[in-house]
Amino acid sequence: MVRSDARAAQPASMADESVGRTLSNYATQTLAVAAAEVEKLRHDPLELFTRAVQPALWLLLFGGVMAQVRGVSPGGLPYLDYLSAGILAQSVLFVAIFYGISAIWERDLGVVQRYLVSPAPRSALVMGKALSAGVRALSQALIVYLLALALGVGINLNPLSILGVVAIIALGFRVVFDVFADHRLHREDARKVHGHRPGAHDAYLLRQQRHLSTVAYARLAARRFSR
Amino acid sequence: MADIPMIDNPVQSPAIDVRNLTRRFGDIIAVDQATLAAEQGEIFGLIGPNGAGKSTLIKMLTTLLPPTSGSATVAGFDIVRRPAEVRRRIGYVPQLLSADGSLTGYENMLLSARLYGVPRAERAHRIARALARMGLSEVADHLVRNYSGGMIRRLEIAQSLLHRPKVLFLDEPTIGLDPGARETVWDHVLDLKASFHTTMIVASHHMDEIEEFCDRIALIDHGRVAAVGTAAELKARVGPNATLDDFFIQLVGSKTETEVERGYGEVRRARRAAREHG
Chain A
0 MVRSDARAAQ PASMADESVG RTLSNYATQT LAVAAAEVEK LRHDPLELFT RAVQPALWLL
60 LFGGVMAQVR GVSPGGLPYL DYLSAGILAQ SVLFVAIFYG ISAIWERDLG VVQRYLVSPA
120 PRSALVMGKA LSAGVRALSQ ALIVYLLALA LGVGINLNPL SILGVVAIIA LGFRVVFDVF
180 ADHRLHREDA RKVHGHRPGA HDAYLLRQQR HLSTVAYARL AARRFSR
Chain B
0 MADIPMIDNP VQSPAIDVRN LTRRFGDIIA VDQATLAAEQ GEIFGLIGPN GAGKSTLIKM
60 LTTLLPPTSG SATVAGFDIV RRPAEVRRRI GYVPQLLSAD GSLTGYENML LSARLYGVPR
120 AERAHRIARA LARMGLSEVA DHLVRNYSGG MIRRLEIAQS LLHRPKVLFL DEPTIGLDPG
180 ARETVWDHVL DLKASFHTTM IVASHHMDEI EEFCDRIALI DHGRVAAVGT AAELKARVGP
240 NATLDDFFIQ LVGSKTETEV ERGYGEVRRA RRAAREHG
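Sequence order for the protein chains is A and B. The first sequence begins at 0 in numbering that gives the first Met the number 0 and counts up one residue at a time. The second sequence begins at 0 in numbering that gives the first Met the number 0 and counts up one residue at a time.
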């Protein structure tokens, strides 16, 4: 019975329409994963503030002290200007690492299984996860921008540059690298599901990949940050 | 949810048709030439010792795991050749915790609705009805981490129902629940069967609930389907006054602990799932 209504649902003449619908489903599924992440932030905005503690400490306390010491002379740049770009990169990187860890926790629970058994394509899940990592990283970047502005750091305020930072953080390399990292995650997941332990080496590679990808994109963002 | 009938066509093709399905992990045969069929609208119980292959069988049928050999159709579609069609027609409530504790019940439902492509215009309506059906309307806007174990299970079932699946897989749905919560979960499962004729495949270790609620039961042991029948048929094989427990022990033996698949990590995960639910 199901066979016959499946055929009825996809006659050849409706091929174009179904391509459109597939794409819009894909977008919905990707955004659904990211939207859930935004909801989580909305429920727990305190998290944003606790995450802001570390960059604030670095910029206000250590930055202030080190600037007084004048022990470091970063090629004529004011010390705080030099530091801020690094802090941006660092905080974004930490967010990404924490997010990666939470994705692995999700796998240990059954949340990932719920995704995998749905008709959503695997790639929509990966894209959605990458987007959500971007959302978190962006909120962190915003805090660093605000702090830096308050401290009078010479930020590159050209809107295009800021957009560049935003785009790189939100999407850019994260997606490309995450596709590889998550591919591995899924493979690992599949093996774990079977009752086979993932090789320690694979877990190591997975972590390395994640770290490399986050470092690469954090550096790229930092480069656009300062004048 | 009652507004669209689940049955499009009264022709009775089996909801699940498994033929010689086999899954190996290296030298270990987790599922060995399993053959069984479940009719539409049937509640089909899977029992068997830990590591017997119940979960592996369910993972193959839900397309999470490719079989090594053999074939199976679920809701009329081949699990290997048409996995996307199968996924559209099944619901799966995993043994592990699958609802997201940092989201509200409603948001969890919304995520599922979007993943399953429920049309935008119908989402709110269907979510509200599914939550009402599972008795969760009042707590829809509470964070799931504040739910009780029974409420979480009911939410997970509600999430699996949004797209009106033809077949619903429940892997140990009452693990870690107190008797009251177990009763409630089963009440809702029976209600689904009565309302939508949904086929359900239920793996469980609770012989009492399997006996009470399942139309037919398959005993899986060492990856093989050791017996299939109604509870009465299975018990009659042992003796006139036998219980399902007696049948289980007679077929499997009391030494049910097979260390094959159930290492420390597995136990840790199951316990954690039980804790999260309870």
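Yeah, the Cβ is synthetic: ideal placement off N, Cα and C, and Gly gets one too.
From residue i to residue j, what distance separates their C-alpha atoms?
i      : j      : result
L150/A : L137/A : 20 Å
I126/B : R223/B : 39 Å
M199/B : L47/A  : 43 Å
I78/B  : E38/B  : 17 Å
L76/A  : P54/A  : 20 Å
G50/B  : H221/B : 8 Å
L167/B : R81/B  : 18 Å
A166/A : L22/A  : 22 Å
L130/A : A33/A  : 6 Å
I89/B  : L45/B  : 17 Å
K165/B : A132/A : 35 Å
I154/A : R135/A : 21 Å
V1/A   : A95/A  : Note that V1/A has pLDDT 40, beneath the 50 cutoff, so the model's placement of it is unreliable and no number is given.
E137/B : L243/B : 38 Å
Mind listing the chain A neighbours of residue i? Cutoff is C-beta to C-beta under 7 Å, in chain order.
i      : result
Y146/B : In chain order: nothing, as chain A lies at least about 14 Å away.
R223/B : None at all; the shortest Cβ gap to chain A is about 17 Å.
R181/B : Chain A residues near R181/B: none, gap ~19 Å exceeds 7 Å.
S70/B  : Near S70/B there are no residues of chain A at all, since even the closest Cβ is about 15 Å away, more than 7 Å.
With H, G and I counted as helix, E and B as strand and the rest as coil, what does DSSP make of residue i?
i      : result
S203/B : coil
A149/A : helix
D186/B : helix
S68/B  : strand
N298/B : Within the shown structure, residues of chain B are numbered from 0 to 277, placing residue 298/B beyond reach of any answer.
T61/B  : coil
Y98/A  : helix
Y115/B : coil
D177/B : coil
D170/B : strand
D80/A  : helix
G50/B  : coil
V73/B  : strand
G228/B : strand
R223/B : strand
D43/A  : coil
G90/B  : strand
I216/B : strand
D201/A : Its pLDDT being 46, under 50, D201/A is placed unreliably by the model, and nothing is read from it.
G74/A  : coil
I154/A : strand
Can you tell me whether residue i is buried or exposed, with buried defined as 16 or more other CB within 10 angstroms of its CB?
i      : result
F76/B  : buried
F212/B : buried
G19/A  : exposed
R152/B : buried
H205/B : buried
T103/B : buried
F247/B : buried
V68/A  : exposed
P65/B  : exposed
N24/A  : buried
By the criterion of Cβ-Cβ separation under 7 Å, what are the contact partners of residue i in chain B?
i      : result
Q53/A  : Result: empty, since nearest Cβ-Cβ is about 22 Å, beyond 7 Å.
Q89/A  : The contacting residues do not exist; Q89/A stays about 25 Å from chain B at best.
L115/A : L63
Using a threshold of 7 Å, state whether the C-beta atoms of residue i and residue j are closer than that.
i      : j      : result
Y91/B  : H162/B : no
L56/B  : V73/B  : no
V85/B  : T67/B  : no
L87/A  : V152/A : no
Y105/B : A157/B : no
I174/B : G47/B  : no
V91/A  : Q28/A  : no
G127/A : S97/B  : no
L250/B : A225/B : yes
Since residue i meets chain B, which of its residues come closer than 8 Å, beta carbon to beta carbon?
i      : result
G109/A : P93, Q94, L95, L96, S97 and A272
A31/A  : L109, L110, R113 and L114
Which residues of chain B have a Cβ atom closer than 9 Å to the Cβ of residue i, listed in chain order?
i      : result
K128/A : Neighbours of K128/A on chain B: none; closest Cβ ~13 Å, over 9 Å.
Q139/A : None at all; the shortest Cβ gap to chain B is about 18 Å.
What does residue i touch in chain A if you count any residue whose Cβ is under 8 Å from its own?
i      : result
E106/B : A35 and E38
R86/B  : V116, S117 and P118
L176/B : The premise fails here: L176/B is roughly 16 Å from chain A at the closest Cβ pair, so nothing lies under 8 Å.
A33/B  : Those do not exist, as A33/B stays about 16 Å from chain A at its closest Cβ, beyond 8 Å.
S194/B : Ordered by position in chain A, no residue passes the 8 Å Cβ test against S194/B, which lies about 19 Å from the chain.
* Asked: What residues in the stretch 42-60 of chain B bring their beta carbon closer than 9 Å to a beta carbon of chain C?
  -> No chain C is part of this structure, whose protein chains are labelled A and B.
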